[in-house]
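Below, the structure is given as structure tokens:
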């Protein structure tokens, strides 16, 4: 399962997921013992440049989130504020 480290402060980092086999990904804090709220904004793109957006927060009480990948998505762009996260997809 590919895992991407996304550092806090990252803006619009694009990652190719065209080889994925599953329709979901997991985002998790690298260090879950934190009082900082981490904001995650995802933009999924398909081959026709149609975009779908998802946003969520990660905190000490909710250190991970499972995100559905839209049908046809071949890449995602991510912006993260707060703490570093890992995003895993398959």
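Numbering (my numbering), first residue to last: 1 to 90.
Don't be surprised by glycine CBs; every beta carbon is placed ideally from N, CA and C.
Which residue from 84, 89, 88, 90 puts its Cα closest to that of residue 8? Comparing Cα positions, the closest option is 84.
With three or more beta-carbon pairs closer than 8 Å as the criterion, would you say the stretch 56-65 touches the stretch 15-33? Counting C-beta pairs closer than 8 Å gives three or more between the stretch 56-65 and the stretch 15-33, which meets the contact rule.
Look up residue 68 in the DSSP assignment and say whether it is helix, strand or coil. strand
So the candidates are 65, 64, 40; which of them puts its Cα closest to the Cα of residue 53? Taking the Cα of residue 53 as reference, the smallest distance to any Cα among 65, 64, 40 is reached at 40.
Selection from 78, 87, 86 that minimises the alpha carbon distance to residue 10: 78
Sort out for me which residues DSSP pairs residue 80 with in a bridge. 40
Beta-carbon contacts of residue 47 that lie in its chain and below 8 Å, excluding the five residues immediately before and after: If we look at residue 47 and ignore the five residues flanking it on each side, its Cβ neighbours are 72, 74.
My output table needs one value for residue 63: the three-state DSSP class, helix, strand or coil. coil
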